[in-house]
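Start counting the sequence shown at 1452; every next residue gets the next number (this note's numbering). Backbone N, C-alpha and C fix where the C-beta goes; we use that ideal spot for every residue, glycine too. For reference, the structure discussed in these notes is given below.
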Amino acid sequence: METRTNLANLATEARNPRTEHIDQLPTLEMLRLINEEDAKVASAVANVLPQTAQAIDAIAQRFEAGGRLFYIGAGTSGRLGVLDASECPPTFSVPPTLFHALIAGGDNALRKSSEHSEDSPEQGAADLVAAGITDKDSLIGIAASGRTPYVLGALTHGRQLGALAISLTCVPNSAMAEVAEISIAPITGPEILTGSTRMKAGTATKLVLNMISTGVMIRTGAVYGNLMVNMQATNVKLVDRAQRIIMAATGIDQSTAARLLSEAGNVKTAIVMQKLGLDHPTAEAKLKAHNGNLSALLNRKP
1452 METRTNLANL ATEARNPRTE HIDQLPTLEM LRLINEEDAK VASAVANVLP
1502 QTAQAIDAIA QRFEAGGRLF YIGAGTSGRL GVLDASECPP TFSVPPTLFH
1552 ALIAGGDNAL RKSSEHSEDS PEQGAADLVA AGITDKDSLI GIAASGRTPY
1602 VLGALTHGRQ LGALAISLTC VPNSAMAEVA EISIAPITGP EILTGSTRMK
1652 AGTATKLVLN MISTGVMIRT GAVYGNLMVN MQATNVKLVD RAQRIIMAAT
1702 GIDQSTAARL LSEAGNVKTA IVMQKLGLDH PTAEAKLKAH NGNLSALLNR
1752 KP
């Protein structure tokens, strides 16, 4: 397992010539320079859209066969994985076990730095095994440098188990890319502060993770149009949002949407009842026949 990569050769560790004197700039000029560097991130992500689409389709296929998605990383990369995974249940009303995130050093590392934890490939593999990964699942190893031992160990073990192994890095031709079936590598270049990958690399990583989780949920039917129809109305704000989603999908007024939501118990069933003129049990049966995929039901060809 690689542990002694020459870090000086990594683009994410290189010194950025544009910011060598950033400490001497007036604050506004400093911010303009940071902003100019940040503007490069979107194009870096655009360059990896084909690989990201490949990952989304492969993960969605495994979801439909009962698989889950695991994220694993260290430091900033690990925290970004935890962030994305933790936001999927409230956004898409999926069980928290569908998106499972692991970070080197455990949950304590979310708040307190635990850099030494990333140096053990064996621990990465062990944490993955303890989390219960199987050959049905997908795994995204996240590391800006593409060589973090903890992540590399997990990615290698996941691939050996038969899980779909995906690497998300910010350098080309990495050790993680060699192990993975799919490699996603937005090349963000030297950071504003040398080696501070919480900046451009972190931004690119978050963009890609958002794309993957959102794209997988779209592909598996959690979205209708651009509406979050899988949401659960569990507080006042969310009840209002649910009613507005029903209104947007059907063209009815809010009082009718409120009545339908109360009768149906959830957004998708309410929309089916209104758009297809069905009673509650029939609407539920129609949705079940389409695996809960509202888009597949309402956009099906005659």
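Run through the DSSP bridge pairs and tell me what residue i is partnered with.
i	result
Ala1552	Tyr1522
Gly1592	Ile1523 and Ser1618
Ile1633	Ile1617
From what residue to what residue does the alpha helix (DSSP H) around residue i run?
i	result
Gly1575	Pro1572 to Ala1581
Gly1609	Pro1600 to Leu1612
Ser1618	No alpha helix (DSSP H) holds Ser1618; the beta strand (DSSP E) holding it covers Leu1615 to Leu1619.
Gly1653	Lys1651 to Arg1670
Asp1508	Leu1500 to Glu1515
Ile1473	Run containing Ile1473: none; DSSP gives neither H nor E here.
Ser1494	Lys1491 to Ala1497
Val1545	From DSSP, Val1545 is part of no alpha helix (DSSP H); its letter is neither H nor E.
Ser1746	Leu1745 to Leu1749
Judging by CA-CA distance, which residue of the options is the nearest neighbour of residue i?
i	options	result
Arg1598	Lys1726, Gly1646, Gly1557 and Leu1461	Leu1461
Asp1570	Val1545, Ser1544, Leu1603 and Thr1701	Leu1603
Lys1726	Ala1740, Leu1745 and Lys1739	Leu1745
Leu1531	Leu1615, Ala1700 and Asp1558	Asp1558
Ala1509	Phe1550, Ile1617 and Thr1542	Ile1617
Pro1623	Leu1484, Ala1594 and Thr1707	Ala1594
Ala1552	Ser1537, Glu1487 and Gln1512	Ser1537
Ser1568	Thr1548, Thr1607 and Ile1523	Ile1523
Thr1503	Gly1702, Asn1717 and Thr1656	Thr1656
Asp1489	Ser1634, Gly1575, Arg1649 and Thr1527	Arg1649
Gly1613	Asn1498, Asn1681, Ser1589 and Thr1470	Ser1589
Ala1674	Ala1747, Ala1740 and Pro1641	According to the sequence shown, residue 1674 is Val rather than Ala. Among Ala1747, Ala1740 and Pro1641, the Cα nearest to that of Val1674 is on Ala1747.
Ala1581	Pro1540, Val1492, Phe1521 and Pro1732	Phe1521
Gly1518	Gln1611, Leu1615, Pro1600 and Thr1478	Leu1615
Ile1554	Ser1544, Leu1644 and Ala1525	Ala1525
Ser1634	Leu1561, Ala1699, Leu1484 and Pro1501	Pro1501
Ser1564	Ser1706, Gly1529, Pro1547 and Thr1585	Gly1529
Gly1583	Leu1678, Leu1549 and His1741	Leu1549
Val1545	Ser1596, Thr1620, Val1680 and Leu1644	Val1680
Arg1562	Cys1539, Phe1543, Pro1547 and Val1533	Val1533
Leu1658	Ile1703, Leu1619 and Val1630	Leu1619
Ala1511	Asn1750, Arg1466, Gly1672 and Asn1498	Gly1672
Gly1575	Asp1586, Glu1566, Ala1736 and Pro1600	Pro1600
Cys1621	Arg1483, Gly1592 and Pro1637	Pro1637
Thr1527	Ala1506, Gly1556 and Thr1733	Gly1556
What is the DSSP secondary structure of residue i, reduced to helix, strand or coil?
i	result
Ile1638	coil
Ser1564	coil
Thr1454	Note that Thr1454 has pLDDT 43, beneath the 50 cutoff, so the model's placement of it is unreliable and the number below is only indicative. In the structure shown, Thr1454 sits in coil (DSSP, three-state: anything other than H, G, I, E or B).
Ile1584	coil
Ile1643	coil
Asn1742	coil
Ser1537	helix
Thr1463	helix
Asn1486	helix
Pro1477	coil
Pro1468	helix
Asn1624	coil
Gly1597	coil
Gly1532	helix
Please tell me whether residue i has its Cβ less than 8 Å away from any Cβ of chain B.
i	result
Ala1577	Going by chain labels, chain B is absent from the structure shown, which holds only one protein chain.
The ligand ZN and residue i: does the residue's C-beta get closer than 7 Å to at least one heavy atom of that ligand?
i	result
Ser1494	Among the components modelled here there is no ligand, and therefore nothing to report on the ligand ZN.
Counting only runs of 4+ residues fully inside the region 1667-1740, write out the alpha helix (DSSP H) ranges in chain order. Taken in chain order, the complete alpha helix (DSSP H) segments of 4 residues or longer contained in the region 1667-1740 are 1687-1701, 1705-1715, 1718-1727 and 1731-1740.
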